[in-house]
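Participant: Numbering (the numbering used here), first residue to last: 45 to 458.
(1) Cα-Cα, which of 350, 304, 411, 158 is closest to residue 401?
(2) In terms of residue numbering, what span does the beta strand (DSSP E) encompassing residue 98 cover?
(3) Would the beta-carbon of residue 391 fall within 7 angstroms of that of residue 397?
(4) When we look at the beta-carbon of residue 379 and count the other beta-carbons within 10 Å, is it buried (16 or more) or exposed?
(5) Answer yes if the segment 330 to 345 comes into contact with the segment 203 to 223, meaning at least three C-beta pairs across the two stretches below 8 angstroms, and no otherwise.
(6) If you follow the beta strand (DSSP E) that residue 254 is part of, which residue opens it and which one closes it?
(7) In or out: residue 253 buried (at least 16 other Cβ within 10 Å) or exposed?
(8) Does the segment 280 to 292 come into contact with the segment 312 to 328, if we say contact requires no fewer than three beta-carbon pairs (one atom in each stretch) closer than 8 angstroms?
(9) Please state whether the Cβ-Cβ distance between residue 471 and residue 242 is less than 7 angstroms.
(10) Taking 7 angstroms as the threshold (C-beta atoms), are residue 329 and residue 269 in contact?
(11) Would you grab the beta carbon distance between residue 364 and residue 156 for me? Rounded to a whole angstrom, and I think it's under 8 angstroms.
(12) Can the beta-carbon of residue 202 be found less than 7 angstroms from the beta-carbon of residue 428?
(13) Go to residue 163, then tell me how far its beta strand (DSSP E) extends in each direction, as first and last residue.
(14) Which full runs of the alpha helix (DSSP H) of 4+ residues lie inside the segment 106 to 172, going along the chain?
(15) Could you say which of 172, 318, 383, 449 lies nearest to residue 415 if we only look at CA atoms?
(16) Count the other CB atoms within 10 Å of the CB of residue 171; is the residue buried (16 or more) or exposed (fewer)?
(17) Helix, strand or coil for residue 82? Go by DSSP, reduced to three states.
(18) Need the endpoints of the alpha helix (DSSP H) that residue 417 sits in, please.
(19) For residue 425, which of 360, 348, 399 has the nearest alpha-carbon?
(20) Taking the alpha-carbon of residue 192 as reference, which of 362, 442, 372, 413 has the nearest alpha-carbon?
(21) With a threshold of 8 angstroms on Cβ separation, who are the neighbours of residue 88 within its own chain once the five nearest residues in sequence on each side are excluded?
(22) Is residue 134 near residue 101, with beta carbons less than 7 angstroms apart?
(23) Cutting at 6 angstroms between CB atoms, please list the residues of its own chain near residue 94, excluding the five before and the five after it.
(24) Rounding to the nearest angstrom, what Cα-Cα distance links residue 295 and residue 419 in this structure?
(25) Report the CB separation of residue 140 from residue 132 in whole angstroms; it is logged as a contact under 8 angstroms.
(26) Using a Cβ-Cβ cut-off of 7 angstroms (strictly less than) and excluding sequence neighbours within five positions of residue 266, which residues of its own chain qualify?
(27) Considering only the beta carbon of each residue, do residue 143 and residue 137 sit closer than 7 angstroms?
(28) Which same chain residues, not among the five before or five after residue 145, have their C-beta less than 7 angstroms away from its C-beta?
(29) Going by the CB atoms, is the gap between residue 373 and residue 237 shorter than 7 angstroms?
(30) Please report how far the alpha carbon of residue 331 lies from the alpha carbon of residue 434, in whole angstroms.
(31) Quick check on residue 438: does DSSP put it in helix, strand or coil?
(32) Spatial neighbours of residue 187 within its chain, please: CB distance less than 8 angstroms, with the 5 preceding and 5 following residues excluded, ordered by chain position.
(33) Please report the straight-line C-alpha distance between residue 118 and residue 388, rounded to a whole angstrom.
(34) Which complete beta strand (DSSP E) runs does the segment 290 to 323 hold, if anything under 3 residues is left out?
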């Protein structure tokens with residue numbers, strides 16, 4: 045097992061003797077007809093990469109170890125290297141440095157080709173002052189690294205249809221990408237606070253977007269939609285909110301002018317929340333502001349049946365992206381070998397596609413995860429009574445995917 049002291053560990057995966065065995069293809073979003081104004085710009089494909097690992101809290105270290113074993117198998121097979129350097133974030137950083145995202149972690153992330161994050165948080169830090177909460181470190185990372193675009197796919201796999209709480213005919217074939225603006229809106233707007241007025245406490249926040257913030261997320265969404273099904277639904281509350289009226293106007297202008305091939309529609313957020321449950325297959329790509337996206341992307345993720353299956357990517361205009369599973373740190377099962385590592389493995393697949401210009405290798409990881417499910421392996425969160433599948437722990441699932449990565453036959457487009 046590869047175990048190192050947090051913040052100073054490094055492990056080199058793979059071989060340096062040869063380049064990737066795969067030829068470039070059009071599988072990756074960034075490789076296909078790139079738009080110069082898009083945020084989707086990978087580093088150039090090369091033989092060696094540096095990636096910062098942020099294991100975080102709760103089940104984070106467990107799913108990180110499983111993902112490292114999978115990446116080791118991948119790089120050994122494909123003939124390139126990934127140097128993994130661990131750093132602190134969240135509760136672990138608070139305990140060690142009294143800071144949820146220390147400056148040394150930020151600098152290490154900035155100097156890497158990409159960042160792979162597990163999860164943060166836990167009951168232990170819930171009552172801390174805001175500046176010493178794990179979530180504050182996450183917000184700082186997004187802001188300081190300029191990670192304004194969050195991509196969260198919700199794809200229902202055939203093997204897990206029965207894990208969804210919705211009927212098979214509703215969720216079968218669902219493949220939705222939620223593009224969420226990540227550094228603006230009510231989460232970051234000022235003024236904000238709690239103060240006393242007329243003898244009582246009043247809490248307030250500011251829901252605010254500038255034109256350039258909407259413009260750049262609309263470009264990312266248009267780029268993503270043009271490479272998927274060509275349909276984009278922009279979600280707002282323009283019938284009530286002035287900020288949403290501006291949102292709708294700017295999104296419409298960007299898509300009509302720069303992505304005329306994309307079919308654009310608009311939907312109020314309350315209706316979108318209902319439609320995602322009523323008939324999710326109507327959606328291909330969804331774009332929304334920070335708070336609406338926070339809620340809708342979680343809702344969309346449950347179409348799949350478990351947050352343990354869902355990856356995400358947070359990207360900026362330049363520099364490395366951050367790739368992380370959608371689930372939380374699950375402190376109640378931490379250390380019990382019950383965690384599902386598949387979302388983090390799929391996050392590594394997104395990292396290969398969007399940040400490292402390795403779309404073929406990304407596809408190997410995706411297919412390996414599906415193959416493990418085909419072999420009827422299930423972690424507790426996706427195990428259904430009477431499904432005939434074998435319940436396995438985090439370690440065994442990671443080993444199984446790593447073994448499949450070493451031998452799976454994946455057809456590569458030329």
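Glycine is no exception: its CB is placed at the ideal position from the N, C-alpha and C atoms. Just so you know, these numbers come straight off a predicted model, no measurement behind them.
Facilitator: Let me spell this out:
(1) The residue with the shortest Cα to Cα distance from residue 401 is 158.
(2) 92 to 100
(3) no
(4) exposed
(5) At 8 angstroms Cβ cutoff, the stretches touch.
(6) Per DSSP, residue 254 lies in no beta strand (DSSP E) segment and is marked neither H nor E.
(7) buried
(8) Yes: at least three Cβ pairs fall under 8 angstroms.
(9) Since the first residue of the chain shown is 45 and the last is 458, residue 471 is not available in this structure.
(10) yes
(11) 5 angstroms
(12) no
(13) 158 to 163
(14) The DSSP assignment places 135 to 141, 147 to 154 as complete runs of the alpha helix (DSSP H) inside the segment 106 to 172, in order along the chain (cut-off: 4 residues).
(15) 449
(16) exposed
(17) Bear in mind that the predicted position of residue 82 carries a pLDDT of just 40, short of 50, making it too unreliable to give a figure here.
(18) Counting along the chain, the alpha helix (DSSP H) containing residue 417 begins and ends at 403 to 418.
(19) Nearest of 360, 348, 399 to residue 425, Cα basis: 348.
(20) 362
(21) The residues are 401.
(22) yes
(23) 127, 156, 157
(24) 44 angstroms
(25) Confirmed, Cβ separation roughly 6 angstroms.
(26) 276, 298, 299, 302, 303, 306
(27) yes
(28) 133, 137, 181, 184, 185
(29) Taking 7 angstroms as the Cβ cut-off, residue 237 and residue 373 do not qualify as a contacting pair.
(30) 38 angstroms
(31) helix
(32) 227, 232
(33) Spanning the two alpha carbons is a distance of roughly 15 angstroms.
(34) Listed in chain order, the beta strand (DSSP E) runs fully inside the segment 290 to 323 are 307 to 312, counting runs of at least 3 residues.
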